[in-house]
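Accompanying notes for the structure given below.
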Amino acid sequence: MKLLFKTAARNILRNARRSLMTGSAVAAGALAMMLFGGFVSYIFAGLETINVQRVGHLSVFRSGYFLFGSGNPAAYGIDDYRHVMDLISRDPQIRPLLNVVTPTQSLSGIAGNYSGGNEASKTFLGVGLIPSARDRMRQWDEHHTGNARPPDARLSDRDESRGLVGEGLARILGLCGPLHVSQCPAASTKADKVDSTKPRTDIVGLAELEASSSERKDGLPRLDLLAATVGGAPNVVSLAVSGAEAQGARELDDNYIAMHLGLAQQLVYGRGEHKATGIVLQLQRSEDLSAVRTRLKQLIADNHLDLEVRDFGELAPFYVQVVAMFSSIFVFISLVMGLIVLFAVVNTMTMNVMERTNEIGTIRAMGVRRGGVRNQFLVEGALIGAIGATIGALLAFVIGAIVNAMGWSWIPPGNSSPTPFRVDLTGHLSLLAGTWIVLTLVAMAAALIPANRAARLSVVDALRHV
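Residue numbering for the sequence shown follows my numbering, beginning at 1 and increasing consecutively.
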């Protein structure tokens, strides 16, 4: 075997120019596959980080909420959700794997801004949360993508009246000025004024029952939120808007409101029992998701709870779609690069066979069997593939390091803020090893056709070949 590799190396050097061109094709294929694969891997890690920061790894809902709850979230509240949270957080199998467990409340209604002469209202989709838990979730960055976010002082556990709105909703409700939102034009026309002499039975009249002034003492603008309680009665609360936050999709940006869990529960349940529509679990490591989900289902079944478990892929289907799309693109690029390597090696080995016909006849006359001739060319193809793939991997590391050092940023799909533009190769060594092995095998397979042709040559015909 050692002699076989030594002879193959000599033959490669003997046709140095041709071997160099073929090896360059292999190196280019390896470089393209590894760089794109590293970029795609970083995209996957970044999108996973963004979604896990937002909705956690797993969410526990009341059965039926995932399919039907968006129409009436209040009807799908989890009874005694604090007991369920204690059951989860104290479980000996789940507790070591948890990073955050927190309740959330989904709601919808009408938001109105009637301060400072404004008379604007808009339907909204809101979420009630625990601000401190939100801050801890936004700092999760298992994959070291650089997307960890600092604590947001605009929401506070101590002040349940404060909340955030999407920048689109701030624009629609005329809050760009008070919230100092940039690139937020004012409306070119104004709606018709409401006749103040008519009875006020709409959201404005209801809001006046809650507060007598349109602004808080701290100067924050106020929104009046109207929603129906579980029993169907209208309810209004006042929300002090402490900031605007851009969302990844315009449909969400024009409707989004985040508020303290207590305020959301007050709006949805009034004086009744306060429930939660979801219990969010963020794990320390994504690889534990499957095990924790299995354990959660067992806990729910053992305690006869009317609950279901969903992961972040189900709650954020856009993430699954992006992963599928980029995976398909990577497979397509890999196939193209593989075909280039295949034809390059086939051409090189075919020329080698033609030029070494007399040599093949000589070694066959000396007693070398057909299998020995075939193995000789297969090893040459494998060496060309291995050397080219190794050079491509080294170049990929160098170019990747240069790209990462440039400090470029971009806005990925579903995100509203710039994130670092990086090529992650060191964190995905399996990608490098897989690419190297695949290209080496492709080069070896490409040499099989010329190698079979060389092995089938007649000794007499080969010796008299000119």
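Beta carbons are placed, not taken as given, at the ideal position from N, Cα and C, and that holds for glycine.
Inter-segment contact for the segment 288 to 305 and the segment 103 to 112 is absent: fewer than three beta-carbon pairs are separated by less than 8 angstroms. Residue range Tyr65 to Phe68 is occupied by the alpha helix (DSSP H) that includes Tyr65.
The beta carbons of Ser63 and Glu308 sit closer together than 7 angstroms. Residue burial is scored here from C-beta neighbours: Ile172 has at least 16 other C-beta atoms within 10 angstroms and is therefore classed as buried. For Ser108, the beta-bridge partners assigned by DSSP are Leu125.
Taking 8 angstroms as the upper bound for CB-CB distance, Ala148 and Asp141 are in contact here, some 4 angstroms apart. Between Ser121 and Gly112, the CB-CB gap stays under 7 angstroms.
For Arg222, the uninterrupted beta strand (DSSP E) segment begins and ends at Arg222 to Ala228.
For His260, the enclosing beta strand (DSSP E) has its first and last residue at Tyr256 to His260.
DSSP, reduced to helix, strand and coil, places Arg271 outside both helices and strands of the structure shown, so it counts as coil.
Setting aside the 5 residues that flank it on each side, Thr145 is surrounded in the same chain by Ala45, Gly46 and Thr49, each with a C-beta closer than 6 angstroms to its C-beta; the list follows chain order. Put simply, of Ser19, Asp253, Ala405 and Leu58 the residue whose alpha carbon is nearest the alpha carbon of Leu296 is Leu58.
C-alpha of Ser430 to C-alpha of Gly407: approximately 25 angstroms in a straight line. CA-CA distance, Ala344 to Gly37, rounds to 23 angstroms. Secondary structure in the segment 143 to 181: the alpha helix (DSSP H) runs of 4 residues or longer, each lying completely within the stretch, are 167 to 172 and 176 to 179 in chain order.
Selection Gln284, Arg222 and Gln266 evaluated against Val230 yields Gln266 as nearest (Cα-Cα). Using a C-beta cut-off of 8 angstroms, the segment 431 to 447 makes contact with the segment 379 to 388, since at least three inter-stretch Cβ pairs fall below that distance. The beta carbons of Gly163 and Ser242 sit about 7 angstroms from each other, so the pair counts as a contact at 8 angstroms. Counting C-beta pairs with one atom in each stretch, the segment 94 to 101 and the segment 278 to 287 have three or more that are closer than 8 angstroms, which means they touch. Between the alpha carbons of Pro412 and Pro418 lies a gap of roughly 8 angstroms. Look at Leu315 here: in three-state DSSP terms it is helix. If you compare the alpha carbons of Leu4, Leu239 and Ala233 with that of Ser115, the shortest gap goes to Leu239. Following the DSSP letters along the chain, one finds Leu97 in no beta strand (DSSP E), marked with neither H nor E.
Ile333 and Gln93 have their C-alpha atoms some 42 angstroms from each other.
Cβ atoms of Asp254 and Leu179 stay farther apart than 8 angstroms, at about 15 angstroms. In the structure shown, Glu119 adopts coil according to DSSP, grouped into three states.
The Cβ atoms of Ala32 and Met337 sit closer than 7 angstroms to each other.
Bridge partners of Phe61 according to DSSP: Glu308. Of the residues Ala455, Asp135 and Leu223, the one whose Cα lies closest to the Cα of Val236 is Leu223.
Note on geometry: alpha-carbon atoms of Gly56 and Ser286 lie some 10 angstroms from one another. Contact annotation: Glu167 and Ala244 have beta-carbon atoms nearer than 7 angstroms. Shown here for Asn51: same chain residues with a beta carbon closer than 6 angstroms to its own, the five before and five after excluded, namely Phe312, Ala316 and Tyr319 in chain order. Secondary structure note for Leu457: it is in no beta strand (DSSP E), with a DSSP letter that is neither H nor E. In chain order, Gly38, Ser41 and Tyr42 place their CB closer than 6 angstroms to the CB of Asp424, counting only its own chain and leaving out the 5 sequence neighbours on each side. Excluding sequence positions up to five before and after Cys184, its CB lies within less than 6 angstroms of the CB of Arg171 and Cys176, all in the same chain and listed in chain order. The C-alpha of Leu339 is placed about 12 angstroms away from the C-alpha of Val438.
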